[in-house]
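Engineer: Residue numbers (this note's numbering): 52 to 481.
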Ligand code: UDX
């Protein structure tokens, strides 16, 4: 099938490369000519395991190409995915101006039947707007369908997630659109759920909000565990074995970040309110997530008393492991607050340092984890990269000025840390 993907960001690029590898001819489009030029040279704008290899292979096979020419890509494609950004506005509403612009551009190019698929995460009723925009601006008699096909890709395992989905959601209005999308996804073995477009849009927002709620729930439980001197990890195992609850997303920590959960939660709250339902439950989910960072800062103070004039070593900056994404990373608020209180920060992240350098002033970026520890009054863990789990803790103890670790991701065993002579603080564990 001939496919155009409009928007070569995280979602567009992964979707494009994966669909190309499934035997389609895909053209990835972006208005950012610099990005397109760099993609053509094989440079990825993001760190995502497996993506670079896949892109290179597909480009070599000629199944994947990059262009800034939306018009020509749209004209040639049978299916056009809209995968442009929907950034949050200050009030939480999603900014849909890029989606509208793309819909307009597509409308003007339509001469034969096109299936236009929303891939970007959008509030419910956006599909209707896209359809009306295209209908209004397309030539008389132009034929098209609009569909919603939300993605559920996790950063760090996006290629794997695309190829091994739990389910595929097809929000469609016609049998033709359903048949095309079923055909496109035929190589992937998983349940396909066919819905109307609005329900598909809500499935995406509701799924991400539910997962965010699960994280806030376990973080709230962690706070109760701490007060009661119980262990949240044992509680999570005991809860998670109930299949109705499930063990995923029950890891307590310093809260969720990233480009999706905070944004989608805010957008879902906003659209619900606009539709007349104030989603108070989700506002509490947001508040617990924000509070988790404040509680973590208190924990650091509890560990080293006055933060001002101390040197704090930070391991991990990205919002989660296996990505260099710094968007809404808890590290941003935590480091800025520590600096505001007068602390000196030394930090290391295996992949996120280039992006972090643009965000932080006065952070001393170190060459590795051990370098971070040298002379620091305390070591703080903000992202659970695997390499941090394997560090030589005896060596670290010698490098630190005082053997204090405040772990926001529960990567070490408290008993072992005690034996090693550390003062070790983690989340929801005695
Ligand atoms: C998420 C969804 O999982 C994905 O389906 C959607 O398409 C995009 O948003 P992603 O943002 O890549 O993916 O990250 P995810 O792995 O879901 O983690 C989100 C955040 O929650 C991270 O900050 C992570 O550290 C945090 N988290 C996750 C926890 O704190 N505890 C958990 O148990 C799980």
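Beta carbons are placed, not taken as given, at the ideal position from N, Cα and C, and that holds for glycine.
Checking the sheet assignment: what are the DSSP bridge partners for residue 302?
Structural biologist: Here the question's residue 302 lines up with position 251 in the chain shown. In the DSSP output, where bridge partners are listed per residue, residue 302 has none listed.
Engineer: So what does DSSP say about residue 139, is it helix, strand or coil?
Structural biologist: As a first step, residue 139 is located in the chain shown; it is residue number 88 there, counting from the start. Here residue 139 sits in strand by DSSP.
Engineer: Rounding to the nearest angstrom, what Cα-Cα distance links residue 436 and residue 461 in this structure?
Structural biologist: Working through the chain shown from its first residue, we reach residue 436 at position 385. Working through the chain shown from its first residue, we reach residue 461 at position 410. The straight-line gap from Cα to Cα measures roughly 12 Å.
Engineer: Where does residue 398 sit, in a helix, a strand or coil, going by DSSP?
Structural biologist: Here residue 398 is taken as the residue at index 347 of the chain shown, counted from 1. It is a strand residue.
Engineer: Would the C-beta of residue 259 count as close to the ligand UDX, meaning under 7 Å from any of its heavy atoms?
Structural biologist: Walking along the chain shown from the start, residue 259 turns up at place 208. Yes.
Engineer: Using CA atoms only, rank isn't needed, just tell me which of 210, 241 and 202 is closest to residue 222.
Structural biologist: Here residue 222 refers to the residue found at position 171 of the chain shown. It is 202 whose Cα lies nearest to the Cα of residue 222.
Engineer: With respect to 7 Å, is the separation between the Cβ of residue 501 and the closest non-hydrogen atom of the ligand UDX below this value?
Structural biologist: Residue 501 cannot be examined here, being either before or after the span of the chain that is shown, 52 to 481.
Engineer: Please report the residue range of the alpha helix (DSSP H) in which residue 123 lies.
Structural biologist: One-based indexing of the chain shown puts residue 123 at position 72. Note, residue 123: alpha helix (DSSP H), 121-127.
Engineer: Is the region 345-363 touching the region 413-432 in the sense that three or more CB pairs, one from each, lie closer than 8 Å?
Structural biologist: Touching, yes.
Engineer: Just to confirm my understanding: we take residue 303, look at its own chain, exclude 5 residues before and 5 after, and list those with CB closer than 6 Å. What are they?
Structural biologist: Looking up residue 303 in the chain shown gives position 252. Around residue 303: 269, 270, 273, 283, 478 and 479.
Engineer: Select from 110, 234 and 102 the residue whose C-alpha is nearest the C-alpha of residue 77.
Structural biologist: Locating residue 77 in the chain shown gives position 26, counting from the first residue. With distances taken between Cα atoms, residue 77 lies closest to 110.
Engineer: Is it true that the CB of residue 200 sits closer than 8 Å to the CB of residue 232?
Structural biologist: Walking along the chain shown from the start, residue 232 turns up at place 181. Walking along the chain shown from the start, residue 200 turns up at place 149. Yes, Cβ-Cβ distance for residue 232 and residue 200 is below 8 Å.
Engineer: Using beta-carbon positions only, say whether residue 330 and residue 319 come within less than 8 Å of one another.
Structural biologist: Here residue 330 corresponds to residue number 279 of the chain shown, with the count starting at 1. Here residue 319 corresponds to residue number 268 of the chain shown, with the count starting at 1. Against a cut-off of 8 Å, the Cβ pair of residue 319 and residue 330 comes out as a contact.
Engineer: Report the three-state DSSP secondary structure of residue 448 (helix, strand or coil).
Structural biologist: Residue 448 sits at position 397 when you count from the first residue of the chain shown. Of the three classes helix, strand and coil, the one that applies to residue 448 here is helix, per DSSP.
Engineer: At 4 residues or longer, and completely inside the region 408-439: list those alpha helix (DSSP H) runs for me, N to C.
Structural biologist: 420-424
Engineer: Taking C-alpha atoms, which residue in 132, 379, 194 and 353 lies nearest to residue 52?
Structural biologist: On the chain shown, residue 52 is found 1 positions in, with the first residue counted as 1. Nearest C-alpha to residue 52: 132.
Engineer: Quick one: what's got a C-beta closer than 6 Å to residue 260's C-beta in the same chain, skipping five residues either side?
Structural biologist: Locating residue 260 in the chain shown gives position 209, counting from the first residue. Spatial neighbours of residue 260 in its own chain (CB-CB distance under 6 Å, excluding positions within 5 residues in sequence) are listed in chain order as 316, 319 and 333.
Engineer: What are the residues that DSSP puts in a beta bridge with residue 198?
Structural biologist: Along the chain shown, one-based indexing puts residue 198 at 147. Its beta-bridge partners are 168.
Engineer: Return yes when at least one heavy atom of the ligand UDX lies under 7 Å from the C-beta of residue 133, else no.
Structural biologist: Translated into the one-based positions of the chain shown, residue 133 becomes position 82. No, since every heavy atom of the ligand UDX falls outside the 7 Å radius drawn around the Cβ of residue 133.
Engineer: Quickly, what does DSSP pair residue 133 with across the bridge? List them, please.
Structural biologist: Mapped onto the chain shown, residue 133 falls at position 82. BP columns for residue 133 point to 57 and 169.
Engineer: In the DSSP assignment, find the alpha helix (DSSP H) that holds residue 491 and state where it starts and stops.
Structural biologist: Here the chain comprises residues numbered 52 to 481, so residue 491 is not present and cannot be evaluated.
Engineer: For residue 143, which of 96, 321 and 439 has the nearest alpha-carbon?
Structural biologist: Against the chain shown, residue 143 aligns to sequence position 92. The option with the nearest alpha carbon to residue 143 is 321.
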